[in-house]
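As given, the protein sequences belong to chains A and B, one line each in that order.
The first sequence runs 2 to 146 under the working numbering.
The second sequence runs 2 to 146 under the working numbering.
Glycine included, C-beta positions come from ideal geometry on N, C-alpha and C.
Below is one structure; the comments refer to it alone.
Number of protein chains: 2
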Amino acid sequence: MAEPTAGTDRSLTRNQGEVLSALKGADKPLTAYDILGLPKIRKAGLKAPLTIYRALDKLMDQGLVHRIESLNAFVHCDHGPHDHATGFLICSDCGRTLEVHLDDCEDHLAGRAREQGFAVDAVKVEMTGRCPDCAARQAAQAATS
Amino acid sequence: MAEPTAGTDRSLTRNQGEVLSALKGADKPLTAYDILGLPKIRKAGLKAPLTIYRALDKLMDQGLVHRIESLNAFVHCDHGPHDHATGFLICSDCGRTLEVHLDDCEDHLAGRAREQGFAVDAVKVEMTGRCPDCAARQAAQAATS
DNA sequence: GCGGATAATGTTATTATATAACGTTTAAGG
DNA sequence: CCTTAAACGTTATATAATAACATTATCCGC
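Here it is, written out as C-alpha cells:
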C-alpha cells in the first residue's frame, strides 16, 4: 500500500500525501492541529497529533513544506524544492502568507554571520505586515470614517 | 512601590525588572518557563507563567527584550532600543545566540516585500548554525578521530 | 518468494508553551 | 482624596510538541 491517494507526488507515503494535500488546499498556513481537525484528514484515518507532525517532518525534509516559526504553522511550498533561503511575508490581518526568494540577500545575511565566525546552516526570514488586499481595505475604511 | 530592585532601568515595574535581570544574567535565551524556574525569580515571588509572560510582553514593547521565534525563547537586547531590524545567529550546538544588526539589509528585504504590495511592520531574521567556539571544537574533534 | 534491515505507523501518555477570565492592587494625575 | 488605567495574583485552560513502545509496511539482496 504505497499509493499516495491524496497527492500526486511519488515517493510520499499515504499520510504524507494527505497532509501535503491538506496544505495545498488551504489558502494560508495551518497548524498541526488545524490539519488534524480537517474532515478530510479525519476521514483518512489520521487522528493523532504525532501522525501529523511526523508527516510534516518528512515533508519539510523534502522541501515541500515550510514552517512559519512565528505562527507555529506550516505552508505548502509552491516553488518546488530549492536550496536558497526563503522569506515569508505574513499578513497580521488575514493570516495569509507570501513566499519570497532571497537568493541574493542570503549571501549578504550569511556573510554578516561569517564575519563573526559563525557557520550558517539555515536562514529564516519572516516579515509581518499587511498584504495588498488588507492594506487596501484598511485604506478604504480610513477614508470613509 | 515602583522601585525596580533587580534592574537599573527606571520605569520598569518590579516584575519587569526581575525578568529583565534574569535575562541579563543568562548567557543564552531563556524560555518563559526557564525564567520561572530560576531560584532568584521564585524568591522574588514570581510564581505563575502569566506573570512572566506579562513582564516579557512589556519588555518587548520597550525593545529591551527580543523573542527568538525558533526557540520560543527570549533574550536581553544589549544594544539598547533600536528601530532597525535585528537578526539572530543561533548556535544549534550550545544554544547561545548572537545579535546582528541589519540596517542595510532591512531595506533590501522590505523592498522585496513592497514590490509585492506588502506593507511591512517588522522584519525577523534567524540564522541557525554553529558559533565560533562550537565550530572550532567540532573541527578539533574531527581531527583527532 | 524469503528474511532481515529500515522506515513508517499506531497508540497512549506526557511535557512544553501560552492564554483566558476574573477579581484585586498599585501608581499617576487632577 | 478620588478616579482611572495599568499592573498584578490566581486558577483554570488552551495550544503545541514530544516520549516511549509496540506494530506494520517497504526495500533490497539473495
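Residue state for residue 123(A) is assigned as strand, using DSSP reduced to three classes. Here residue 51(A) is exposed: its Cβ has fewer than 16 other Cβ atoms, across all protein chains shown, within 10 Å. Assigned with DSSP and collapsed to three states, residue 97(B) falls in coil, not helix or strand. In this structure residue 19(A) is buried. Its beta-carbon is surrounded by 16 or more other beta-carbon atoms within 10 angstroms. If you draw a straight line from the Cα of residue 138(B) to the Cα of residue 96(B), it comes to about 15 angstroms. Under the DSSP assignment, residue 78(B) falls outside any alpha helix (DSSP H); it carries neither an H nor an E label. Inclusion of residue 128(A) and residue 91(A) in the CB contact set at 8 angstroms is warranted, their separation being smaller than that value.
Residue range 104-116 is occupied by the alpha helix (DSSP H) that includes residue 109(A). Taking C-beta separations shorter than 7 angstroms and ignoring five residues to either side along the sequence, the partners of residue 85(B) in its chain run 102, 103, 104 and 107, following chain order. For the set 134(A), 117(A) and 109(A), the Cα lying nearest the Cα of residue 117(B) is the one of 134(A).
Contact between residue 77(B) and residue 24(B) holds, since their C-beta atoms are separated by about 4 angstroms, short of 8 angstroms.
With a 10 Å radius around the Cβ and a threshold of 16 neighbouring Cβ atoms, residue 142(B) comes out exposed. Sixteen is the threshold: since fewer than 16 other Cβ atoms of the shown chains lie within 10 Å of the Cβ of residue 44(B), the residue is exposed. Annotation: residue 119(B) to residue 130(A) spans about 7 angstroms, alpha carbon to alpha carbon. Cβ-Cβ separation between residue 53(A) and residue 47(A): approximately 6 angstroms, consistent with a contact (criterion under 8 angstroms). Along the region 121-137 of chain A, the positions whose C-beta sits under 7 angstroms from a C-beta of chain B are 121, 122, 123, 124, 125, 126, 127, 128, 129, 130, 131, 132, 133 and 136, read in chain order. Per the coordinates, the alpha-carbon of residue 17(B) lies some 16 angstroms from the alpha-carbon of residue 79(B).
The beta carbon of residue 70(A) sits closer than 8 angstroms to some beta carbon of chain B.
In the three-state DSSP reduction, residue 92(A) falls in the strand class (E or B). Looking only at 15(A), 39(A) and 34(A), the smallest Cα-Cα distance to residue 26(A) is reached by 39(A). Between residue 62(B) and residue 71(B), the alpha-carbon positions lie close to 20 angstroms from each other.
Taking 8 angstroms as the threshold, the shortest C-beta distance from residue 119(A) to chain B falls below it.
When the Cα atoms are used, residue 55(B) and residue 99(A) turn out to be separated by approximately 31 angstroms. Within its own chain, the residues whose Cβ lies closer than 7 angstroms to the Cβ of residue 42(A), once the five positions on either side in sequence are excluded, are 19, 23 and 36, listed in chain order.
Neighbours of residue 88(B) across chain A, judged by C-beta separation under 7 angstroms: 110. Around the beta carbon of residue 114(A), 16 or more other beta carbons lie within 10 angstroms, which makes this residue buried.
When secondary structure is reduced to three states using DSSP, residue 87(B) falls in the strand class.
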